[in-house]
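Worksheet: one structure, shown below.
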Ligand SMILES: Nc1ncnc2c1ncn2[C@@H]1O[C@H](COP(=O)(O)OP(=O)(O)O)[C@@H](O)[C@H]1O
Ligand SMILES: Nc1ncnc2c1ncn2[C@@H]1O[C@H](COP(=O)(O)OP(=O)(O)O)[C@@H](O)[C@H]1O
Ligand SMILES: [Mg+2]
Ligand SMILES: [Mg+2]
Ligand SMILES: [Mg+2]
Ligand SMILES: [Mg+2]
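Chains as they are written, first to last, in the UniProt record's numbering: chain E, 1 to 212; chain X, 1 to 212; chain V, 1 to 330; chain R, 1 to 330.
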C-alpha cells in the first residue's frame with residue numbers, strides 16, 4: 001500500500017508528460033497577467049528532470065524528491081523555480097530515509113511543501129498564487145485516511161478548486177500584482193500548474209495502487 | 001503680349017498651389033519606386049519660394065528665375081533640388097536682363113533648363129526621369145509660334161504625354177534604378193512634377209494673356 | 001513572429017556565442033551554466049559586482065561586463081530570472097577575496113533565485129535590490145516596485161566604486177544611496193514578442209499606447225491614446241519628479257532609454273523635451289545617457305530615469321568604464 | 001503611424017535639439033542651415049572631414065561628429081539628401097586651413113548636392129563617393145551602387161587619419177583604398193514609416209522578408225520567405241564575400257548592423273553566425289563592430305559589412321575616437 005522510490009519516479013514521469021502537454025496553456029495564462037514564461041519554465045525544468053529519473057542513486061522517495069528539488073532550482077528560474085524547488089526540498093526532508101511512504105507521510109510531505117513555499121514567497125491565501133491551490137490541497141490530504149492514491153486524489157480535487165478560486169482575485173504577489181485590478185478575471189498560472197502536478201501524481205498513484 | 005516679372009511671379013504662385021495640391025500624389029509615386037519624399041521635397045521648396053515672391057528686387061523675369069533657382073537648391077534637397085535648381089538657373093541666364101519675355105525667349109529658357117538638367121544628371125530620354133517630360137516639352141515649345149501662353153500650353157501637353165511615357169520604362173537613373181525591372185509599371189515622380197509645373201505655368205499664362 | 005533567430009530554444013545561447021565572438025578581449029562566456037564573465041576575472045582584492053536577470057533586455061546585463069562595471073552577468077532564459085547555480089558560478093569565478101555584491105532587480109523570481117544563491121555561496125556575499133519603477137505602487141498589495149532603468153546607473157556607479165577599491169560594505173552603502181535617489185518610468189507604443197511564445201505579449205491598437213510598462217512585456221498601468229512626444233515625455237517625467245521628489249536646485253543624471261525598437265532619432269527628440277521640462281522646473285541636468293540600454297526585445301517605446309547626483313556619484317559616473325555597451329576613459 | 005514625435009514637419013530639428021542637449025561637450029548644433037559641428041571646430045591645420053545625408057539613419061552622421069571622426073555632419077530632411085548651403089556652412093565652420101574632405105554616399109541626390117557645394121566652396125574641397133552595396137548591380141543601367149554600412153567604417157578610418165595630421169591628398173587616397181576594400185548588403189524583416197508619409201514604405205507579409213534593401217525604405221532586390229538566422233546571414237555574406245572577393249587569409253573588419261528596430265540579442269546572434277561562416281572560409285575577423293549604426297528609422301532588419309584590413313587601417317580603426325556613438329581611447 002506504500003509508495004516506493006519507483007512509484008515516485010513513475011509519478012514524476014507522468015507529471016512531466018502533463019507539464020509538456022499543458023505548456024502552451026500555462027504560457028497563455030502567464031501572458032495574460034505576467035510575462036508569458038511559466039509554461040516554458042515548467043517545461044524546461046521537467047524536461048531536465050526526465051533525463052535524470054533513471055539515476056542509480058534514486059533509492060528512496062526522499063532522494064528522488066531531493067533530486068527533483070535541485071533540478072527544478074537549477075533549471076526553472078523565475079519565481080516558480082525557487083518556489084517549487086523549496087517545496088520538493090522540504091517534502092524530501094519531511095519524508096526522511098523511509099523506503100516507502102504511507103498516506104500520512106504523503107500528507108506530511110505536502111504540508112512541508114506548503115510551509116516551504118510560504119516561507120520563501122510570503123504569500124497567503126487570497127494573494128492569487130500557487131498557495132491558493134496548495135493550501136486547500138494540504139488540508140484535504142490531512143483529512144483523508146486511506147490509500148496514498150486517495151490522499152493525493154483528494155489533494156488534487158482541492159487544488160483544482162483552489163486554482164479556480166484565483167480567477168476573481170486581485171494579485172498581491174508576483175508579477176501579476178503589477179497589474180492591480182487588471183489582474184482580476186484570470187486564472188493564476190502557478191496555481192494551475194500546482195493543480196496539474198497534483199492531479200498527475202494522483203492519477204499515477206491510482207494506476208499503481210489500484211490493486212492494493 | 002510679353003511676359004513680365006510680375007507674370008512670372010504669378011505663374012510661380014500658381015505652381016506653388018499646384019505642388020501643394022499634388023504633394024500626396026508625388027509622395028505616393030515616389031513611395032512605389034523611390035523613397036517617398038518627392039512630394040514633400042517639392043512642397044518644402046515651393047513653400048519656401050512662396051514667402052520670397054514678394055521680394056522688391058524681383059524686377060525682371062531673369063531675377064525671378066534666379067531667385068527660384070537658389071531657393072529650390074537650398075530647400076528641396078534630394079535629386080530634384082539640384083536638378084530643378086539648375087533648370088531655373090540656366091533659364092535665368094538664358095533670358096538675361098529682358099524686362100519681358102516673348103515666346104521665343106520662353107522656348108529658349110525651356111531649352112536651357114533641359115540642357116542644365118541633362119548636364120547635371122546625365123539622363124537621356126528613356127531613363128525614366130524628368131528628362132522624359134522636359135525633352136518633348138522643349139521640342140513642342142520651339143515648334144509653336146504664337147503667344148507665350150500657346151508655347152507653354154504646347155509644352156505642358158507634351159510634358160504630360162512624356163510623363164505618361166515613363167510608366168512602362170525600367171529606370172536607369174536615380175533611386176528607381178535600384179529596383180531594376182521592378183521599376184516598370186509606375187509613373188516617374190519627377191516627370192510628373194515637371195508636367196504639373198508646366199501645366200501650372202501654361203494655365204497662368206492663359207489667364208494673363210487671354211486678352212492679348 | 002519575424003526574428004533573426006534559428007530556434008527559440010537556443011536563442012539565448014546563440015546570442016551569447018555572438019557576444020563572445022564580438023568581444024573576445026572583454027568577455028569570457030561560459031555556457032553551462034550560462035555566465036558572462038570579465039576576461040580578467042577574478043580581480044584580486046576587488047569586490048566582485050555581479051548582476052543578472054532574464055535575457056531580452058540587452059545590453060543589460062552582459063553588455064555591462066568589463067572594467068569599471070560588472071564582473072559577471074547571469075543571463076536567464078528570455079524574461080526569466082537566472083537560476084542560483086548561475087549566480088554561484090559567477091561568484092566563484094569572480095571572487096577576488098573581497099567578496100561579491102549581487103545587484104538584483106526587484107522581481108519575485110530574481111529576488112528568490114539570488115537569495116538562494118546567496119545562502120549557498122561560500123564567499124562573502126551581499127545583495128542589494130533595486131526598485132526604481134514609479135509606475136508600480138509600492139504597497140502591501142504588490143510585489144513592490146520593479147527594478148528598471150536605474151539598474152544601469154547603479155551598475156555603473158557601484159562598478160566604479162569597486163574598481164577604485166571600495167570594500168563590500170562601502171559598495172552596499174553606496175548602492176543603497178543610489179537606489180534611494182533614482183526613479184524611472186516607461187511606456188510602450190508596441191508590444192514585444194517572446195521567441196518561445198511567438199505572439200505579441202499584449203495587443204495595442206494603432207492609436208493606443210501603454211503607460212507604466214515594465215521590461216518584460218507585461219501590460220502597463222494604463223492604456224491611453226497615442227499623444228505627441230511632449231505629452232509622452234511629460235506623462236513619464238511628472239510622476240518621476242513628484243515621487244522622490246526631485247526639486248529645483250537638484251543636480252541629476254537624465255537617462256533616456258529606448259525599449260529596443262524605438263530609433264535614436266525619436267529618442268533624441270524625447271530627450272530634448274525632457275531636458276527642457278527639467279530646466280523649466282529648475283532641475284539641473286549634469287550628466288545624461290541616451291540610447292537602448294535596458295530593453296524589452298523589439299518593443300517600441302521608451303523609459304526615462306532620473307538620478308539625483310551628489311559629487312561622489314558624479315565622480316564615479318565619470319570614472320573609466322570599458323564594457324561592450326558603455327565605454328569611456330579607456 | 002506611432003512615433004515619439006511632435007510634428008512630422010519639425011522632427012529633424014526637434015531631434016537635433018535633443019542631440020545638442022545630450023552632448024553639449026561634443027557638439028555644436030546649428031539650425032539654419034542645419035549642421036552638426038564638432039564643439040572645438042575649426043581644428044587648425046587639420047583636414048576637415050564632413051559628411052551628411054538624409055536624416056533617419058541615426059547615429060549616422062551626426063552621431064559620428066567628434067574627435068577622431070567627423071568635423072561636421074549635414075542632416076537633410078528624413079531620407080532626403082542635404083542641400084548645398086548646409087554643406088557650405090559646414091565647410092566654412094570647419095576648415096582649419098588644410099581643406100575639407102566631403103564623404104558622400106552614392107545616391108544621385110547626395111552626389112548632386114555635395115557636387116554643387118564643392119563647386120561653390122571657397123576652401124579647398126575634395127570629395128569621395130562611397131558605393132559599397134553589393135545588392136545593386138554596378139552597371140550602366142543603374143545610378144551605381146549605393147553607399148551603406150561601409151560609410152561608418154570609412155568615416156572612422158579617414159577621421160583618424162585626419163586627426164593624426166594626414167593632408168587632404170592623403171585622406172582622399174586612403175578613402176579610395178577603404179572604398180575599394182569594403183562591401184555590404186542588408187535585409188529587412190519589416191518596413192519603416194517615414195514621418196511625413198505616415199504609412200509604411202513597403203508592405204511585407206508576416207512570412208516575408210526583403211533582401212538587398214537600401215537604407216531609405218526602398219524595396220530590395222528580392223522578396224523571399226523569412227528563413228532562419230543562418231539562412232539570412234548567409235544570404236548577405238555570400239554575395240559580399242564573392243564580390244570583392246574576400247579570400248582565405250584575408251584579415252577583415254566585420255560590421256553587423258541593425259536597421260534600427262532589430263534588438264541587440266538578435267544582432268549578436270547573427271554576428272556569431274557570420275563569424276563562424278567567415279572562419280569556415282579561412283577569413284580572419286580582426287576587428288568587429290556590432291550595433292545600430294546606420295539605420296532606416298524603426299525598420300527591423302540587419303546589414304553586414306566586410307572591410308579587408310591592412311595594418312594602417314587597423315591602426316586607424318584603433319585610434320582614439322570620441323563621438324556620441326563611437327568612443328574609445330579617450
Ligand atoms: N510570492 C509568491 N509566493 C507564491 N507563489 C508565487 C509568488 N510569486 C509568484 N508566485 C507564483 O509563480 C507563478 C509565476 O511563475 P513564473 O511565471 O514561472 O515566474 P515569473 O513570475 O518570475 O515569470 C505565479 O503564477 C504564482 O503562482
Ligand atoms: N540623373 C537624373 N537626371 C534627371 N532626373 C533625375 C535623375 N535622378 C533622379 N531624377 C529625378 O528626380 C526624381 C526624384 O526626386 P526626389 O524624390 O525629390 O529625390 P531623391 O531621389 O533623391 O529622393 C525622379 O523621379 C527623377 O525624375
Ligand atoms: Mg512568468
Ligand atoms: Mg525621392
Ligand atoms: Mg519570468
Ligand atoms: Mg530622397
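Ideal Cβ placement from N, Cα and C applies to all residues, glycine included. It should be emphasised that the depicted structure is a prediction, and the values quoted were computed from it without experimental measurement.
| said: Within the continuous beta strand (DSSP E) that includes residue 264(V), where are the two ends? | reply: In the third chain, residue 264(V) corresponds to position 264, counting from 1. Note, residue 264(V): premise wrong, no beta strand (DSSP E); alpha helix (DSSP H) at 264 to 280.
| field | Length-filtered (4 minimum) alpha helix (DSSP H) runs lying within the segment 19 to 89 of chain E | value | 23 to 33, 38 to 50 and 61 to 75
| said: Considering only their Cβ atoms, is the gap separating residue 147(E) from residue 107(E) smaller than 8 Å? | reply: Within the first chain, the letter at position 107 stands for residue 107(E). Within the first chain, the letter at position 147 stands for residue 147(E). Taking 8 Å as the Cβ cut-off, residue 107(E) and residue 147(E) do not qualify as a contacting pair.
| said: Quick check on DSSP: helix, strand or coil for residue 197(V)? | reply: As a first step, residue 197(V) is located in the third chain; it is residue number 197 there, counting from the start. It is coil, neither helix nor strand.
| field | Test: residue 121(E) CB closer than 8 Å to a CB of chain V | value | For this step, residue 121(E) is matched to residue 121 along the first chain. Answer yes: the Cβ-Cβ gap between residue 121(E) and chain V drops below 8 Å somewhere.
| request: Would you check whether ligand 6 has a heavy atom nearer than 7 Å to the C-beta of residue 35(X)? | output: As a first step, residue 35(X) must be located in the second chain, where it is residue number 35. Yes - ligand 6 has a heavy atom lying nearer than 7 Å to the Cβ of residue 35(X).
| request: Kindly indicate which three-state DSSP category residue 212(X) falls into: helix, strand or coil? | output: Locating residue 212(X) in the second chain gives position 212, counting from the first residue. Because the pLDDT at residue 212(X) is just 36, under 50, the model does not fix this residue reliably, and the value given afterwards should be weighed accordingly. If DSSP states are grouped into helix, strand and coil, residue 212(X) belongs with coil.
| field | Within chain E, the residues that residue 146(V) reaches when beta carbons sit closer than 8 Å | value | To locate residue 146(V), count along the third chain from 1; it is residue 146. Chain E residues near residue 146(V): 178.
| request: Please specify which runs of the beta strand (DSSP E), each continuous and at least 3 residues long, are wholly inside the segment 70 to 106 of chain V, giving them in chain order. | output: 72 to 78 and 100 to 105
| task | Answer with yes or no whether the minimum CB distance from residue 214(R) to chain X is below 8 Å. | result | Stepping through the fourth chain from its first residue, residue 214(R) is reached at position 214. At least one chain X Cβ lies under 8 Å of residue 214(R).
| task | State the DSSP-derived secondary structure class of residue 178(E), mapped to helix, strand or coil. | result | If you number the first chain from 1, residue 178(E) lands on position 178. Helix at residue 178(E).
| task | Report yes if the CB atom of residue 129(E) is closer than 8 Å to the CB atom of residue 188(E), and no otherwise. | result | As a position in the first chain, residue 129(E) is number 129, starting the count at 1. As a position in the first chain, residue 188(E) is number 188, starting the count at 1. For residue 129(E) and residue 188(E), yes; Cβs fall inside 8 Å.
| field | Euclidean distance between Cα positions of residue 127(X) and residue 176(X) | value | Counting from one through the second chain, the residue named residue 127(X) turns up at place 127. Counting from one through the second chain, the residue named residue 176(X) turns up at place 176. Residue 127(X) and residue 176(X): Cα-Cα distance of roughly 10 Å.
| field | residue 7(X) versus residue 69(X): straight-line alpha-carbon distance, rounded | value | Reading the second chain from its first residue, position 7 is the one you call residue 7(X). Reading the second chain from its first residue, position 69 is the one you call residue 69(X). Approximately 17 Å, taken between the alpha carbons.
| Can you tell me the Cα-Cα spacing of residue 338(R) and residue 3(V), whole angstroms? | In the structure displayed, chain R extends from 1 to 330; residue 338(R) sits before or after that span and is not available.
| message | I'd like to know if residue 217(E) contacts chain V, where contact means its C-beta is closer than 8 Å to some C-beta of that chain. | response | Any answer about residue 217(E) is impossible in this case: the structure gives chain E only from 1 up to 212.
| Name the DSSP bridge partner or partners of residue 31(R)? | On the fourth chain, residue 31(R) is found 31 positions in, with the first residue counted as 1. 34(R).
| Contact set between residue 154(X) and chain R, taken where Cβ atoms lie within less than 9 Å | On the second chain, position 154 is the one that residue 154(X) refers to. None at all; the shortest Cβ gap to chain R is about 29 Å.
| query | Assuming residue 112(E) contacts residue 105(E) under a Cβ cut-off of 8 Å, what Cβ separation, rounded to an integer in Å, is found between them? | reply | Stepping through the first chain from its first residue, residue 112(E) is reached at position 112. Stepping through the first chain from its first residue, residue 105(E) is reached at position 105. Actually they do not touch by this definition, with Cβ atoms about 10 Å apart.
| field | Completely contained alpha helix (DSSP H) runs for the segment 131 to 219 of chain R, where each covers 4 or more residues | value | 150 to 164 and 168 to 181
| said: Taking a contact to mean a Cβ-Cβ separation below 8 Å, would you say residue 22(R) touches residue 141(V) in this structure? | reply: The residue given as residue 22(R) occupies position 22 in the fourth chain. The residue given as residue 141(V) occupies position 141 in the third chain. No; because the gap between Cβ atoms is not below 8 Å, this pair is not in contact.
| said: What would DSSP say about residue 113(E), mapped onto helix, strand or coil? | reply: Numbered from its first residue, the first chain carries residue 113(E) at position 113. The answer is helix: DSSP assigns residue 113(E) an H, G or I state.
| Own chain partners of residue 37(E) with C-beta closer than 8 Å, once the 5 adjacent residues on each side are dropped | Start at 1 with the first residue of the first chain, and residue 37(E) comes out as number 37. Excluding sequence neighbours, residue 37(E) sits near 27, 30 and 78.
| request: Could you say which of 76(V), 94(V), 71(V) and 136(V) lies nearest to residue 40(E) if we only look at CA atoms? | output: Residue numbering aside, residue 40(E) sits at position 40 when the first chain is read from its first letter. Ranking the options by Cα distance to residue 40(E), first place goes to 76(V).
| query | Interface residues of chain V around residue 375(R) at Cβ under 8 Å? | reply | The structure shown does not extend to residue 375(R), since chain R is modelled only from 1 through 330, so no value can be given for it.
| task | Let me know the secondary structure DSSP gives residue 113(R) once reduced to three states. | result | Locating residue 113(R) in the fourth chain gives position 113, counting from the first residue. Residue 113(R) falls in the helix class under three-state DSSP.
| request: Using a Cβ cut-off of 7 Å, pull out every chain R residue sitting near residue 271(V), in sequence order please. | output: As a position in the third chain, residue 271(V) is number 271, starting the count at 1. Per Cβ cutoff of 7 Å: 18, 21 and 22.
| query | Could one say the Cβ of residue 257(V) lies closer than 8 Å to chain R's Cβ atoms, at least one of them? | reply | Start at 1 with the first residue of the third chain, and residue 257(V) comes out as number 257. Answer no: the Cβ-Cβ gap between residue 257(V) and chain R never drops below 8 Å.
| Just reading off the beta strand (DSSP E) that residue 55(V) is part of, what are its end residues? | Within the third chain, residue 55(V) is the residue found at index 55, counting from 1. Counting along the chain, the beta strand (DSSP E) containing residue 55(V) begins and ends at 48 to 55.
| field | Residues within the segment 81 to 95 of chain R neighbouring chain X, beta-carbon criterion of under 7 Å | value | 81, 82, 83, 84 and 85
| said: In the DSSP output, which residue or residues are listed as bridge partners for residue 100(E)? | reply: On the first chain, position 100 is the one that residue 100(E) refers to. Answer is 4(E), bridged to residue 100(E).
| message | Quick check: is any heavy atom of ligand 4 less than 7 Å from the C-beta of residue 175(X)? | response | For this step, residue 175(X) is matched to residue 175 along the second chain. For ligand 4, at least one heavy atom lies less than 7 Å from the Cβ of residue 175(X).
| Taking the DSSP output, what are the residues bridged to residue 302(V)? | Mapped onto the third chain, residue 302(V) falls at position 302. Its beta-bridge partners are 187(V) and 258(V).
| request: Report the rounded CA-to-CA distance for residue 275(R) versus residue 230(R), giving the unit in angstroms. | output: The residue given as residue 275(R) occupies position 275 in the fourth chain. The residue given as residue 230(R) occupies position 230 in the fourth chain. Approximately 11 Å between the Cα atoms of the pair.
| task | Indicate whether the contact test is met: 3 or more Cβ pairs, each with one atom in the segment 206 to 223 of chain V and one in the segment 309 to 329 of chain V, closer than 8 Å. | result | no
| said: By the three-class DSSP mapping on this structure, what secondary structure does residue 222(R) have? | reply: As a first step, residue 222(R) must be located in the fourth chain, where it is residue number 222. Of the three classes helix, strand and coil, the one that applies to residue 222(R) here is strand, per DSSP.
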